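Structure record follows, encoded as structure tokens.
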Amino acid sequence: MNKIFSRANVPEFLQNRRLRGIAVLMALLAILGIVLSFLLNWIFGLVILVLVGISMLLVFNTMAEIGADTTQYISDLSFRIQQGEQEALIRMPPGVMILGDTDQIEWVNPYLQHYFGDTDVLNRSLSDVDADLAKLVATTKPQTMTTVSWRDYRFTLYVQPDFHAVYLYDITHYQLIQEQYDDEKIAIGQIFLDNYDEITQSMTDQDISNLRNYVTNELSAWVQQFDMYLKQLDDDHYFVLAYAKSLAAIEADKFKILDTIRESTSKQNFPLTLSMGIAYGDANLNKLADQAQSNLDLALGRGGDQVVVKAADQEARYYGGKTNPMEKRTRVRARMISQALQELMSESDQIFVQGHTQPDMDSLGACLGIRRIAKMNNKTCWIVLDKETVHSDVQRLLDNLKAYPDVDAAIISPAEALEKATDQSMLLMVDHSKPSISISAELYQRLENRVMIIDHHRRGEEFPENPLLVYIEPYASSTCELITEMFEYQSQEGEPINKLEATAMLTGIFVDTKHFSLRTGTRTFDAASYLRSAGADAVEMQQYMKENVDSYLQRNHLIEMVEFVNEDMALITGEEDQTYDPVTAAQAADDLLNMSGVDASFVITRRADGRVGISARSLGEINVQLTMEAMGGGGHLSNAATQISDKTVAEVKQALLDILNHTAEPEPATT
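Per this note's numbering, the sequence shown runs over residues 575 to 1245.
Below, the structure is given as structure tokens:
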């Protein structure tokens, strides 16, 4: 019985659950009909029985045929699916490779075999067959789509470690389209001749024409070399349009056009320098043009003779800037800035002025100068200063201020400044332009839409967004020099600068120029002469510049640890567990320049705030500003610094050595 009713002996259509259900229902209905027929009449019942039997036989055979056809269809479909899967696995575009436990190639589909050529790969180690592909597979994160280059093709690589399977999708065609799209993105540039007006003032018309033709011809040849478009907008202003591919090429060339024009014109005794601002990466041409102008402003603010390449919301890349900025300021500009300052002061209810953290004599002297200008214009001015963090020279000046009660009372703490500030107040940032190093960053944030900047350092990427007025002259010796020139254009009815203020400002100039030996021009001596005539006391200056015994001994201790890098660079590294005064470290860096053969010096020390500081100095041949910018700082070509958090002195030293040993001048940061 079991054999008779086994699944193998049941018709195929009855093996289908749905068909079995239909058959059972029909059988029950037939039996019910036969029983009712016999109850009515046995002859009628017999006829019905015969008819039902014939009908059931016909239905049974029909359903058996349907079941057989269905089974055959499913079997054929299953076979075709399996065949399709096998064909797809063998012929599908993605390359498939199965590896063994020891990275031996157990199987590859014909599509991937095509990239190996006639090489027999089965049962061979992948590293033996192709070391480059083996390295890509080993370094690719499992179950992550990764774009790789292999054998002049571009692939999306996918690794399944559970199945020892490797998939390679050839995307070369689409990648080439993407690369072409990226290469053809638009870059907009602005070119400005830094000192064209100054140079041409004393030239004849013929010489001016020759100079203009020379510059235009050089720039035209340059843009043709790199497939760019050039349009002259003015005598000293040009517009450049380029593809991203061309921009990459001129960046690789390091913008040698700057050196070419500067060196050639220098031989003719009229050294001309160029500045450029180039923007890229934005599809909106209006925004791109605005960014290019902003980049040019940044290049000029850093002293000119350089290029700034920057996309929106990305870090800037700097090229050039190898020479000291040339003197381009005129007395007309000083007068215009002075008048603009008076107007801004008249529109403000009170003035706040602050220097940078760890203020030096130039910073505090500039604050005193601005306060005096405000008084000349009958405006209240507050000097924001944290008296707990001042150096000994500044402290001596503060002690002497007690003899001038009105000036002493104008010095307030950052907390007091925040309480006094209103929406109509104005903030002057002197001797710095980075809000992050202001004495009170909170006060800057409170008055960020009412800010003016007066500085002599090269402008950095960090800069106030909407300053009311900017007066940055990187060639100037000091901020005190810039502010001293403004006194000539102030109201003569107000109380003039007093002896202490003049002495403090002259000390600021004296310290920043290293006793009038660095970054000193004719305007520097004019400013010093004015301050001297205003009562600046040379003896008192010497008192401010005196250092205490501890600082003197600490500086000598640092100098004893000097070592040399690249023959012409001196390096001092302080102890990890000892803190040093930043001024002492800077003085040690200055002293190293007095040694024979030293063109640049670097002093690395642990500061009291826990950060590691670097003071960098040079005689002008080596651009220490670029080195410090590469480490997050900035400054001048010959005077720069940086402070680094969360690193040891040894780690900072190694980072500096990596930059110095990599190249004589650090490469610009990439984005």
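Glycine is no exception: its CB is placed at the ideal position from the N, C-alpha and C atoms.
The structure displayed is predicted, hence computed values, not measured ones.
Could you tell me the distance, in whole angstroms, from the CA atom of ASP1111 to the CA atom of ALA1076? CA-CA distance, ASP1111 to ALA1076, rounds to 8 Å.
Where ALA1229 falls: helix, strand or coil (DSSP): Three-state DSSP puts ALA1229 in a helix.
At which residue ranges does the region 666 to 697 contain complete beta strand (DSSP E) runs of 3 or more residues, listed in the order of the chain? Qualifying beta strand (DSSP E) stretches, in chain order: 669 to 673 and 679 to 682.
Among the candidates GLN780, ASP827 and VAL1085, whose CA atom is the shortest distance from the CA of TYR893? Closest by alpha carbon: ASP827.
Contacting residues, own chain, Cβ-Cβ under 8 Å from VAL598 (five flanking each side not counted): There are no such residues.
Counting only runs that start and end within the region 778 to 805, where is the alpha helix (DSSP H) found for 4 or more residues in a row? DSSP runs (the alpha helix (DSSP H)) wholly in the region 778 to 805: 779 to 799.
Helix, strand or coil at LEU1021 according to DSSP, with G and I counted as helix: Three-state DSSP puts LEU1021 in coil, outside helix and strand.
In angstroms, rounded to a whole number, what distance separates the CA positions of LEU1166 and VAL814? Put simply, the backbone Cα of LEU1166 is about 44 Å away from that of VAL814.
Assign LEU1234 to buried or exposed, taking buried as 16 or more other Cβ atoms, counted over all protein chains shown, within 10 Å of its Cβ. The residue in question, LEU1234, is buried, as its Cβ has 16 or more Cβ neighbours within 10 Å.
CA-to-CA distance, ALA853 to LEU859, given in whole angstroms: C-alpha separation (whole angstroms): 10 Å.
Would ILE957 pass as a contact of ILE985 if the rule is Cβ separation under 9 Å? Yes, these two residues count as a Cβ contact at 9 Å.
Does the beta-carbon distance from GLU1059 to ALA1101 come in below 9 Å? In this structure, ALA1101 lies closer than 9 Å to GLU1059 by Cβ.
What whole-angstrom Cβ distance do MET935 and TYR1118 have, given they're in contact under 8 Å? Going by Cβ atoms, the distance from MET935 to TYR1118 rounds to 7 Å, so yes, they are a contact pair.
Secondary structure, alpha helix (DSSP H): runs of 4+ residues fully inside the region 962 to 1012: Complete alpha helix (DSSP H) runs here, min 4: 966 to 974, 979 to 983 and 988 to 994.
Going straight from the alpha carbon of GLY1207 to that of PRO735, what length do you get? Computed Cα separation, rounded: 46 Å.
Option nearest LEU1231 by Cα separation, candidates THR730, LEU1200, ASN1140 and PRO1048: When C-alpha distances from LEU1231 are compared across THR730, LEU1200, ASN1140 and PRO1048, the shortest belongs to ASN1140.
State the Cα-Cα distance for the pair THR931 and GLY1109, rounded to the nearest angstrom. For THR931 and GLY1109, the distance between alpha carbons rounds to 28 Å.
Return the bridge partner residues of TYR1154 from the DSSP annotation. In the DSSP output, where bridge partners are listed per residue, TYR1154 has none listed.
Can the beta-carbon of PHE1084 be found closer than 9 Å to that of ILE1071? Against a cut-off of 9 Å, the Cβ pair of ILE1071 and PHE1084 comes out as no contact.
Which same chain residues, not among the five before or five after THR954, have their C-beta less than 6 Å away from its C-beta? Cβ within range, chain order: GLN924.
TRP796 burial status per 10 Å Cβ neighbour count (16 or more: buried): TRP796 should be labelled buried.
I need the boundaries of the alpha helix (DSSP H) containing THR1098, first residue and last residue. Where THR1098 is concerned, the enclosing alpha helix (DSSP H) stretches over 1096 to 1107.
If you reduce the DSSP assignment to three classes, tell me which class GLN1161 lands in. Helix at GLN1161.
Rounded to whole angstroms, what is the Cα-Cα separation between PRO933 and THR718? Pairing PRO933 with THR718, the inter-Cα distance amounts to about 53 Å.
What residue from GLY1082, VAL733 and LEU1200 has the CA that sits closest to ALA940's CA? Here the closest residue by C-alpha is GLY1082.
Secondary structure at ALA818, three-state DSSP: helix, strand or coil? Correct three-state label for ALA818: helix.
The beta strand (DSSP E) spanning GLN880 covers which residue range? Per DSSP, GLN880 belongs to the beta strand (DSSP E) from 880 to 884.
Figure out for me which residue from THR1098, THR730, TYR741 and ASP1164 has the closest Cα to the Cα of MET671. Among THR1098, THR730, TYR741 and ASP1164, the Cα nearest to that of MET671 is on TYR741.
For ASP833, name the three-state secondary structure that DSSP assigns. Annotated three-state conformation of ASP833 is helix, per DSSP.
Give me, in chain order, the residues of the same chain whose beta-carbon lies closer than 6 Å to that of VAL1226; leave out the 5 immediate sequence neighbours on both sides. The residues are ILE1178, VAL1186 and ILE1218.
Coarse secondary structure for ALA1224, derived from DSSP in three states: Looking at ALA1224 - three-state DSSP - the assignment turns out to be helix.
If contacts are defined as beta-carbon pairs under 8 Å, then GLN789 and LEU846 qualify, I think. What distance do you get, rounded to the angstrom? Note that residue 789 corresponds to Val in the displayed sequence, not to Gln. Rounded, the Cβ-Cβ distance is 7 Å, consistent with contact.
Nearest-angstrom Cα distance between LYS976 and GLN1199? About 38 Å.
If you draw a straight line from the alpha carbon of LEU707 to that of LEU700, how long is it in whole angstroms? The alpha-carbon atoms of LEU707 and LEU700 are separated by roughly 8 Å.
Less than 9 Å between the beta carbons of ALA816 and PHE829, yes or no? Between ALA816 and PHE829, the C-beta gap is not smaller than 9 Å, which leaves the two residues out of contact.
With 16 other Cβ atoms within 10 Å as the buried cut-off, status of THR636: Exposed: under 16 other Cβ atoms inside 10 Å.
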